[in-house]
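The block underneath contains the structure these notes are about, expressed in structure tokens.
Residue numbers (the working numbering): 8 to 300.
Now the structure itself:
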């Protein structure tokens, strides 16, 4: 059984590590926060002192960090994964970053004989905990086949979206346009209904059983109705970052993105007012504008 590493032991990374352990993979990981490494130890894995140390031990390493700068540091810095990993190893970039950033990482790792699977994920904390993530994987078919056992330990819907590194991040960028614009419309609709005098639980009951109902709608409507704006597994900074990637792609390819641009501005307003809260805080921004708060 191959040894697998995880760089970034936040909610998502730690949950993925636990699923790898449950699937029987010896699992090690690194996070700059010692308490997160301790949690991995407690789950039956091994918290190590650096990403380099993870690379020295693991044959495949997931990188689940916040942004492209962190992903490049985790893989390419002097104490990064590549400094410890032998030729023939594989880095699995599961963070959502710019297509050009994962391409840069892959090119640098290729010089060391290290393969890359470009596979951002969807499903949030709940999906990571349940091992039901959707994975948008781009890599040569041989690399994919060699690591399907590892991917299946953390994901349920594994889509091979192409052989070219960067295609995974491109699919995720397009997906986040739907996610961000949908969330923004959910929050607006809840405020509209509330301002018109409809109880939140009525809106939840009707909307979620309509043809527009979805897991995304159910989770977001429930959180707003219950006034849960933290610890939902969906920090507002993450979606704002993702929408920024989407809009950068739109500019690069000359595609007008009206709904996504509006959603980005709403999430920017949410960050300005509630920087330590989750996506659902955008509803409070709309409530203020509507005179409900």
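Built from N, CA and C at the ideal position, the CB exists for glycine as well.
Which of the three DSSP states is assigned to residue i in this structure?
i: residue 236; result: coil
i: residue 84; result: coil
i: residue 168; result: strand
i: residue 192; result: helix
i: residue 72; result: coil
i: residue 203; result: coil
i: residue 124; result: strand
i: residue 217; result: coil
i: residue 57; result: coil
i: residue 152; result: helix
Does the Cβ of residue i have 16 or more other Cβ atoms within 10 Å, making it buried, or fewer, making it exposed?
i: residue 205; result: exposed
i: residue 216; result: exposed
i: residue 43; result: buried
i: residue 101; result: buried
i: residue 118; result: exposed
i: residue 272; result: exposed
i: residue 296; result: exposed
What are the partner residues of residue i, as DSSP defines its beta bridges?
i: residue 67; result: 11 and 97
i: residue 140; result: 162
i: residue 242; result: 285
i: residue 178; result: According to DSSP, residue 178 bridges with nothing at all.
i: residue 37; result: 14
i: residue 145; result: 125 and 169
If we cut at 8 Å on Cβ distances, does residue i have a partner in chain D?
i: residue 208; result: Of the protein chains in the structure, only one exists, and it is not chain D.
Assuming residue i and residue j are in contact, meaning their beta carbons sit under 8 Å apart, how far apart are those beta carbons, in whole angstroms?
i: residue 284; j: residue 237; result: 5 Å
i: residue 142; j: residue 158; result: 6 Å
i: residue 252; j: residue 103; result: 7 Å
i: residue 133; j: residue 240; result: 6 Å
i: residue 248; j: residue 74; result: 6 Å
* Decide yes or no for the touch test of the region 167–174 against the region 258–268: beta carbon pairs closer than 8 Å, at least 3 of them. => Three or more Cβ pairs closer than 8 Å define a contact, and the region 167–174 falls short of that threshold against the region 258–268.
* Asked: Is there contact here, the region 175–190 with the region 85–93, by at least three beta-carbon pairs under 8 Å?
  -> Too few Cβ pairs lie closer than 8 Å, so no.
* Asked: Does the region 38–57 come close enough to the region 75–85 to have 3 or more Cβ pairs within less than 8 Å?
  -> Verdict: no, contact absent.
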